[in-house]
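Visitor: Under full-length UniProt numbering, think of the first position of the sequence shown as 1, with each following residue one higher. Here you go, one structure.
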Amino acid sequence: MALPPETERMLIALEAFLDAPPPPCYFYCTRCHHYVTSDLNLIQDLYPFSMTQLLFEPDVTDVMHGEYDQAIQGQYVGAFPEWGHVDLVSIYCIPCGNWLGWKIILQHADHPVIREGQFILRYGAGAGIEAVFPMEIFL
1 MALPPETERM LIALEAFLDA PPPPCYFYCT RCHHYVTSDL NLIQDLYPFS MTQLLFEPDV
61 TDVMHGEYDQ AIQGQYVGAF PEWGHVDLVS IYCIPCGNWL GWKIILQHAD HPVIREGQFI
121 LRYGAGAGIE AVFPMEIFL
């Protein structure tokens with residue numbers, strides 16, 4: 001049985017939408033809106049479906065380590081704490097000094113994803129980073 005023409009067009013449009021690659025996403029400092037990284041460096045959300053702490057590859061730009069901050073030792077990150085035992089140091093935006101999250105400086109347990117040198121950036125709640133999608137994609 002053939003579908004009505006309107007339904008056929010809607011299904012073709014939906015198929016094209018689902019087959020298209022996701023739009024790029026860029027992450028900026030929430031205070032000064034300075035570029036920090038893109039979704040190409042995003043590894044995973046450490047707490048699935050929450051988007052509060054995102055794990056990134058070491059290619060994050062324009063951040064400074066908290067040289068004067070004490071390292072945070074023995075923290076557990078991710079949904080499985082027995083694997084995510086790490087030491088962290090705070091990182092800040094270079095242009096404005098806004099706190100962005102942490103850099104993993106030491107890993108105590110073997111984890112399939114979390115490694116030394118990666119960044120955990122805080123998303124939302126007025127601190128850390130915010131996601132920005134380029135508008136030309138939606139116009």
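Positions of the beta carbon are idealized from the N, C-alpha and C atoms, including for glycine.
Please check if any C-beta of chain D sits within less than 9 Å of the C-beta of Pro58.
Guide: This model lacks chain D altogether; it includes just one protein chain.
Visitor: Smallest Cα separation from Gly126: which of Phe56, Gly101, Ser90?
Guide: Taking the sequence shown and counting its residues from 1, one reaches residue 126 at position 126. Of the listed residues, the one whose Cα sits closest to Gly126 is Gly101.
Visitor: Would you identify the three-state DSSP class for Asp9, choosing helix, strand or coil?
Guide: As a working note, residue 9 is residue 9 in the sequence shown. The sequence shown places Arg at residue 9, rather than the Asp named in the question. DSSP places Arg9 in helix when its eight states are reduced to three.
Visitor: In angstroms with no decimal places, state the Cα-to-Cα distance between Ile129 and Ser90.
Guide: One-based indexing of the sequence shown puts residue 129 at position 129. One-based indexing of the sequence shown puts residue 90 at position 90. Distance between the alpha carbons of Ile129 and Ser90: 14 Å.
Visitor: Could you tell me the boundaries of the beta strand (DSSP E) in which Thr37 lies?
Guide: Here residue 37 refers to the residue found at position 37 of the sequence shown. Looking at the DSSP string, the run of the beta strand (DSSP E) that includes Thr37 is 35 to 38.
Visitor: Since Ala131 and Cys29 are thought to touch, with beta carbons under 8 Å apart, how far apart are those beta carbons, to the nearest angstrom?
Guide: For this step, residue 131 is matched to residue 131 along the sequence shown. For this step, residue 29 is matched to residue 29 along the sequence shown. Between Cys29 and Ala131 the Cβ distance is about 12 Å, and since that is not below 8 Å, they are no contact.
Visitor: Given this structure, state the Cα-to-Cα distance separating Ile114 from Leu88, to the nearest angstrom.
Guide: Position 114 of the sequence shown, counted from the start, is the residue given in the question as residue 114. Position 88 of the sequence shown, counted from the start, is the residue given in the question as residue 88. Using only the alpha carbons, I get a separation of about 12 Å.
Visitor: If you draw a straight line from the alpha carbon of Glu57 to that of Ala2, how long is it in whole angstroms?
Guide: Here residue 57 refers to the residue found at position 57 when the sequence shown is read from its first residue. Here residue 2 refers to the residue found at position 2 when the sequence shown is read from its first residue. Roughly 49 Å separates the two Cα atoms.
Visitor: Can you give the Cα-Cα distance for Ala13 and Glu6, rounded to whole angstroms?
Guide: Against the sequence shown, residue 13 aligns to sequence position 13. Against the sequence shown, residue 6 aligns to sequence position 6. If I take the Cα positions, the gap works out to 11 Å.
Visitor: With burial defined as no fewer than 16 other Cβ atoms inside 10 Å of the residue's Cβ, what is the status of Tyr35: buried or exposed?
Guide: Mapped onto the sequence shown, residue 35 falls at position 35. Exposed, by the Cβ-count rule.
Visitor: Could you check the C-alpha separation between Gly124 and Lys103 for me, to the nearest Å?
Guide: The residue you call residue 124 lines up with position 124 of the sequence shown. The residue you call residue 103 lines up with position 103 of the sequence shown. Each residue's alpha carbon lies about 18 Å from the other.
Visitor: Hey, would you say Ile94 sits closer than 9 Å to Met64, going by beta carbons?
Guide: Sequence index remark: in the sequence shown, residue 94 carries index 94 (1-based). Sequence index remark: in the sequence shown, residue 64 carries index 64 (1-based). Contact flag set, yes.
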